[in-house]
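Working notes, structure below.
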Amino acid sequence: MNLYIRLLLLFFKIKRNKQYQNLLDTIDIDYKALPTDCDINLHLTNSRYLAMMDLSRTWMTERVGLLKQIMKRRWFPIVNATAITYIRDIKPMQRYTISTKLVGWDHKYFYIEQKFHSERGLHAIAYVRGVFKSKKGIISIEEMLEVAGFDGQTPILPSEVMHWKEMLEQKKLSNLPR
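So, in structure tokens, the structure goes:
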């Protein structure tokens with residue numbers, strides 16, 4: 051229930067948004083760890099990190115001016131892979147920020163970095179790989195960038211993302227039927 055309320059609040063925030071940022075900017079959104087977000091260890095539960103990341107990516111999509119375009123075209127985001135490293139716990143009622151940044155893309159996927167931080171420091175860092183789909187299939191990177199109005203240089207993916215991509219490819223290869 052808590053996530054539905056947060057989603058409704060995010061839609062109100064989106065409705066009032068008048069400030070847009072560049073596609074490659076870092077987009078911040080603030081949250082508070084409610085008791086219902088926490089587990090028996092009295093910290094933000096692992097699954098809540100992923101749920102809050104979803105909301106934050108929606109906010110990023112709005113802030114870079116893509117949300118209306120995506121909805122109009124009936125495109126929807128699909129997460130293909132996520133890697134998260136937990137560094138420091140987030141306590142009940144603690145305020146924290148999620149910083150979301152598109153760090154680059156390849157021939158098929160977008161790569162997004164998301165960091166959880168507060169006055170206590172860095173809490174977690176995650177990478178998300180995804181695509182946008184329509185009823186016709188996966189939307190090409192070129193089409194997505196065109197809709198975004200991006201005509202800049204393709205960023206070089208961070209080395210940790212390159213290593214992660216290689217690991218994902220190895221997982222696929224080593225698990226193919228023989």
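Per our numbering, the sequence shown runs over residues 51 to 228. Cβ atoms here follow ideal geometry from the backbone N, Cα and C, with glycine treated the same way. None of these values were measured; they are calculated from a predicted model.
key: Nearest-angstrom Cα separation, counted from residue 149 out to residue 76   = Numbered from 1 along the sequence shown, position 26 holds the residue referred to as residue 76. Numbered from 1 along the sequence shown, position 99 holds the residue referred to as residue 149. About 6 angstroms.
message = Measuring alpha carbon to alpha carbon, tell me which residue in 209, 193, 64 is nearest residue 117.
response = For the purposes of this step, residue 117 is identified with residue 67 of the sequence shown, where counting begins at 1. For residue 117, the nearest C-alpha among the options comes from 64.
task = Using beta-carbon positions only, say whether residue 184 and residue 123 come within less than 8 angstroms of one another.
result = As a first step, residue 184 is located in the sequence shown; it is residue number 134 there, counting from the start. As a first step, residue 123 is located in the sequence shown; it is residue number 73 there, counting from the start. In contact: residue 184 and residue 123 (Cβ atoms closer than 8 angstroms).
query = CA-CA distance, residue 97 and residue 151?
reply = As a working mapping, residue 97 is identified with position 47 in the sequence shown. As a working mapping, residue 151 is identified with position 101 in the sequence shown. Spanning the two alpha carbons is a distance of roughly 21 angstroms.
message = Below 8 angstroms, how does it come out for the region 68-82 and the region 106-120: are there three or more Cβ pairs, yes or no?
response = yes
ask   = Does the beta-carbon distance from residue 99 to residue 174 come in below 8 angstroms?
value = Working through the sequence shown from its first residue, we reach residue 99 at position 49. Working through the sequence shown from its first residue, we reach residue 174 at position 124. Closer than 8 angstroms, so yes.
query = Is it the case that the Cβ atoms of residue 140 and residue 180 are separated by a distance below 8 angstroms?
reply = Taking the first residue of the sequence shown as 1, we reach residue 140 at position 90. Taking the first residue of the sequence shown as 1, we reach residue 180 at position 130. Their beta carbons are not under 8 angstroms apart, which means residue 140 does not touch residue 180 by this criterion.
request  = Starting from the C-beta of residue 200, find all residues in its chain whose C-beta is less than 6 angstroms away, skip the five residues before and the five after it, and write them out in chain order.
outcome  = Here the question's residue 200 lines up with position 150 in the sequence shown. Cβ within range, chain order: 73.
inquiry  = Rounding to the nearest angstrom, what Cα-Cα distance links residue 203 and residue 194 in this structure?
reply    = Taking the first residue of the sequence shown as 1, we reach residue 203 at position 153. Taking the first residue of the sequence shown as 1, we reach residue 194 at position 144. Each residue's Cα considered, the two are about 15 angstroms apart.
ask   = Between 103, 87, 120, 56, which lies nearest to residue 188 when the distance is taken from Cα to Cα?
value = Stepping through the sequence shown from its first residue, residue 188 is reached at position 138. Nearest option by C-alpha distance: 120.
request  = Would you check if the distance between the CB atom of residue 135 and the CB atom of residue 79 is smaller than 8 angstroms?
outcome  = If you number the sequence shown from 1, residue 135 lands on position 85. If you number the sequence shown from 1, residue 79 lands on position 29. Contact: no.
ask   = Taking all protein chains shown into account, do 16 or more other C-beta atoms lie within 10 angstroms of the C-beta of residue 213, making it buried, or fewer, making it exposed?
value = Translated into the one-based positions of the sequence shown, residue 213 becomes position 163. When all chains shown are included, residue 213 counts as exposed.
Element boundaries [alpha helix (DSSP H), containing residue 215] = Numbered from its first residue, the sequence shown carries residue 215 at position 165. It spans 209-224 - the alpha helix (DSSP H) in which residue 215 sits, taken as one unbroken run.
key: C-alpha distance - residue 55 paired with residue 219, whole-angstrom precision   = Working through the sequence shown from its first residue, we reach residue 55 at position 5. Working through the sequence shown from its first residue, we reach residue 219 at position 169. Their backbone Cα atoms lie some 38 angstroms apart in a straight line.
request  = Would you check if the distance between the CB atom of residue 171 and the CB atom of residue 145 is smaller than 8 angstroms?
outcome  = On the sequence shown, residue 171 is found 121 positions in, with the first residue counted as 1. On the sequence shown, residue 145 is found 95 positions in, with the first residue counted as 1. Against a cut-off of 8 angstroms, the Cβ pair of residue 145 and residue 171 comes out as no contact.
request  = List the endpoints of the continuous beta strand (DSSP E) containing residue 145.
outcome  = Along the sequence shown, one-based indexing puts residue 145 at 95. Taken as a continuous stretch (DSSP letters only), the beta strand (DSSP E) holding residue 145 covers 145-155.
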